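In the numbering used here, the protein residues as written are 50 to 474.
By construction, the Cβ of each residue, glycine as well, lies at the ideal position given by its N, Cα and C atoms.
As the structure is a computational prediction, the values presented were derived from the model and not from experiment.
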Amino acid sequence: MSWIREVTCQVKGWRAARARWRADMERFKVEQRAARKSGKWPENPGPPPTGFALLPWLLMGMGSFSNLLQGETPNPWIGGLGLFTFNSLYIYVTFRSFVKEAREARSTKVALVLMGLVTCGLALGYGGSWLYFFPLLGLATGAVLRGPRVGQIGLGLTALAAAVSIFRAGWDAVNVAYGTFLSTMVTAAILSLSEAVRELRAAREELARRAVEKERLRFSRDLHDLLGHTLSVIVVKSEAARRLAPRDLDAALTQITDIESVGRQALTEIREAVTGYREGSLTTELDRARSALSAASVDPVVRQSGAPLTPQNEALLGWVVREAVTNVVRHSGATRCEITVEGVSGGQVRLTVTDDGTGTGASATGPAEGIGGTGLKGLTERLAAAGGSLRAGPSPRGGFTVTAELPLETADLASSSVAMAPREP
Numbered sequence: 050m051s052w053i054r055e056v057t058c059q060v061k062g063w064r065a066a067r068a069r070w071r072a073d074m075e076r077f078k079v080e081q082r083a084a085r086k087s088g089k090w091p092e093n094p095g096p097p098p099t100g101f102a103l104l105p106w107l108l109m110g111m112g113s114f115s116n117l118l119q120g121e122t123p124n125p126w127i128g129g130l131g132l133f134t135f136n137s138l139y140i141y142v143t144f145r146s147f148v149k150e151a152r153e154a155r156s157t158k159v160a161l162v163l164m165g166l167v168t169c170g171l172a173l174g175y176g177g178s179w180l181y182f183f184p185l186l187g188l189a190t191g192a193v194l195r196g197p198r199v200g201q202i203g204l205g206l207t208a209l210a211a212a213v214s215i216f217r218a219g220w221d222a223v224n225v226a227y228g229t230f231l232s233t234m235v236t237a238a239i240l241s242l243s244e245a246v247r248e249l250r251a252a253r254e255e256l257a258r259r260a261v262e263k264e265r266l267r268f269s270r271d272l273h274d275l276l277g278h279t280l281s282v283i284v285v286k287s288e289a290a291r292r293l294a295p296r297d298l299d300a301a302l303t304q305i306t307d308i309e310s311v312g313r314q315a316l317t318e319i320r321e322a323v324t325g326y327r328e329g330s331l332t333t334e335l336d337r338a339r340s341a342l343s344a345a346s347v348d349p350v351v352r353q354s355g356a357p358l359t360p361q362n363e364a365l366l367g368w369v370v371r372e373a374v375t376n377v378v379r380h381s382g383a384t385r386c387e388i389t390v391e392g393v394s395g396g397q398v399r400l401t402v403t404d405d406g407t408g409t410g411a412s413a414t415g416p417a418e419g420i421g422g423t424g425l426k427g428l429t430e431r432l433a434a435a436g437g438s439l440r441a442g443p444s445p446r447g448g449f450t451v452t453a454e455l456p457l458e459t460a461d462l463a464s465s466s467v468a469m470a471p472r473e474p
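1. Is residue 172 near residue 180, with beta carbons less than 8 angstroms apart?
2. Ordered along the chain, which non-local residues of its own chain (more than five positions away) have a Cβ less than 6 angstroms from that of residue 345?
3. Could you give the DSSP three-state label for residue 123: helix, strand or coil?
4. Does DSSP put residue 153 in a helix, a strand or coil?
5. Residues in its own chain within less than 7 angstroms of residue 152 by CB, not counting five upstream and five downstream?
6. Here's the rule: buried if 16 or more other CB atoms are within 10 angstroms of the residue's CB, otherwise exposed. What is residue 439?
7. Quick one, are the C-beta atoms of residue 371 and residue 334 less than 8 angstroms apart?
8. At which residues does the beta strand (DSSP E) containing residue 402 begin and terminate?
9. Put residue 189 into one of helix, strand or coil per three-state DSSP.
10. Please state if the CB of residue 187 and the CB of residue 230 are separated by a distance shorter than 8 angstroms.
11. Under 7 angstroms Cβ to Cβ from residue 163, same chain only, skipping five residues before and after it: list those, please.
12. Using the C-alpha atoms, what's the distance from residue 205 back to residue 140?
13. Return yes when the Cβ of residue 400 is within less than 8 angstroms of the Cβ of residue 393, no when it is not.
14. Spatial neighbours of residue 396 within its chain, please: CB distance less than 7 angstroms, with the 5 preceding and 5 following residues excluded, ordered by chain position.
15. Among the residues of its own chain, which have a CB less than 8 angstroms from the CB of residue 61, if the five just before and after it don't count?
16. Let me confirm a value: residue 376 is counted as buried when at least 16 other C-beta atoms fall within 10 Å, else exposed. Which label applies?
17. Taking the alpha carbon of residue 209 as the reference point, which residue from 280, 316, 183 has its own alpha carbon closest?
18. Which residue's Cα is closest to the Cα of residue 428: 296, 113, 364?
19. Cα separation between residue 314 and residue 307?
20. Please state the DSSP three-state secondary structure of residue 317.
21. Which residues mark the beginning and the end of the beta strand (DSSP E) in which residue 438 is found?
22. Considering just the uninterrupted stretch of the alpha helix (DSSP H) at residue 114, what are its terminal residues?
23. Would you call residue 368 buried or exposed, if buried means 16 or more other Cβ atoms sit within 10 Å of its Cβ?
24. Can you find the residues in the same chain that come closer than 8 angstroms, C-beta to C-beta, to residue 216, ignoring five residues on each side of it along the sequence?
25. Helix, strand or coil for residue 200 per DSSP?
26. Name the DSSP beta bridge partners of residue 215, please?
27. So, helix, strand or coil for residue 240, using DSSP?
28. What does a CB cutoff of less than 7 angstroms around residue 383 pick up in its chain, not counting 5 residues either side in sequence?
29. How many Å lie between residue 247 and residue 101 at the Cα?
30. From residue 263 to residue 251, what does the alpha carbon distance come to, in whole angstroms?
31. Rounding to the nearest angstrom, what Cα-Cα distance links residue 207 and residue 64 in this structure?
32. Quick check: residue 425 and residue 374, are their CB atoms within less than 8 angstroms of each other?
33. Looking at the secondary structure, which residues open and close the alpha helix (DSSP H) in which residue 360 lies?
34. Across which residues does DSSP place residue 456 in a beta bridge pair?
35. Return helix, strand or coil for residue 183, following the three-state DSSP convention.
36. Could you tell me the boundaries of the alpha helix (DSSP H) in which residue 337 lies?
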């Protein structure tokens with residue numbers, strides 16, 4: 050009874066494939082109607098092909114079926130069984146040829162070989178209209194055997210069809226061989242091109258999806274770094290203004306003016322981040338770091354030496370300064386913060402931000418080599434993409450240290466050979 054279950058499963062599979070084909074056709078019709086209304090042709094040229102696209106070719110066997118009905122075929126029971134077997138194998142092979150895993154399965158190729166044996170037996174036994182099973186065999190062969198060897202197999206199948214046809218019907222039936230060759234090669238070419246187009250479309254959609262994800266990640270990083278730092282500076286300066294207002298109104302007004310300036314600058318940076326054209330300046334970020342640290346009652350010490358950097362390296366190191374100083378202001382409880390930019394051996398530039406605080410905050414939830422904060426995680430990915438690295442963790446002398454290293458790419462300036470003198474605030 051196992052063969053009954055296999056037949057039942059096969060019928061269910063055909064029904065499922067037919068349902069999918071109908072759904073694809075309905076979707077295609079909807080897209081075409083929408084395209085006619087909008088005047089724009091849909092990008093998808095049609096539903097994916099299935100075995101139903103090859104079923105109409107079975108009408109080539111109507112001549113043999115007619116001979117059976119009219120009693121012109123000797124041993125009709127054998128002919129009828131052969132016709133049924135051939136049609137069943139054809140349907141089985143063609144439906145499996147549109148699924149790559151099923152097409153490459155051994156059972157499909159075994160069914161194709163059996164189909165060839167049945168075709169040869171019927172053509173040798175009856176001739177006439179039964180010879181037209183060879184083009185159907187070529188069609189199924191082209192649908193299954195797509196690849197560099199399809200040409201050799203097609204020529205071999207054509208030679209077999211020619212030999213059998215000439216043996217049964219003479220040279221007048223050589224057109225069967227020609228039809229066999231055409232059906233094999235044309236089917237393989239069309240289906241291979243169709244599959245390649247759909248794979249390219251799927252690859253393009255995947256690339257577009259990844260580009261959207263990359264842009265979303267970039268924007269989330271920029272927004273976090275911009276707003277996190279800016280809001281921290283605004284909060285610190287607002288607290289300073291509140292403390293200074295009762296005893297020194299001019300100093301409080303200075304802090305409020307800084308708040309206004311920081312807010313306006315943040316609006317500009319957010320607009321630039323949205324458009325993706327923001328390039329930070331390391332010098333500007335160092336100046337902002339001094340201002341933010343001083344407002345938070347943290348003594349800033351900034352040292353910068355080495356050759357001028359490229360805008361890309363300055364932008365990356367500027368992000369690190371911004372995030373590290375934000376964490377110092379928010380979490381460290383430090384009284385002193387040192388920021389050092391210097392060239393090191395091996396053609397690299399190193400930025401170090403060290404504080405003497407006792408709190409490490411959210412940025413050091415992991416071990417010394419692990420970056421736990423959201424901002425530092427994003428910076429780690431940025432620097433890694435540029436060939437650099439970022440480390441953060443407790444300092445051996447107490448406090449917290451953030452160290453960023455990048456390959457040194459000096460700017461193409463006339464003064465690039467002149468080292469910048471160390472600076473103290």
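On the basis of the coordinates in this document:
1. yes
2. 285, 378
3. coil
4. coil
5. 145, 146, 193
6. buried
7. yes
8. 397 to 404
9. helix
10. yes
11. 138
12. 23 angstroms
13. no
14. 456, 457
15. none
16. buried
17. 183
18. 364
19. 10 angstroms
20. helix
21. 438 to 443
22. 111 to 118
23. buried
24. 173
25. helix
26. In the DSSP output, where bridge partners are listed per residue, residue 215 has none listed.
27. helix
28. 347, 377, 404, 405, 406, 448
29. 18 angstroms
30. 18 angstroms
31. 34 angstroms
32. no
33. 360 to 376
34. 397
35. helix
36. 331 to 344
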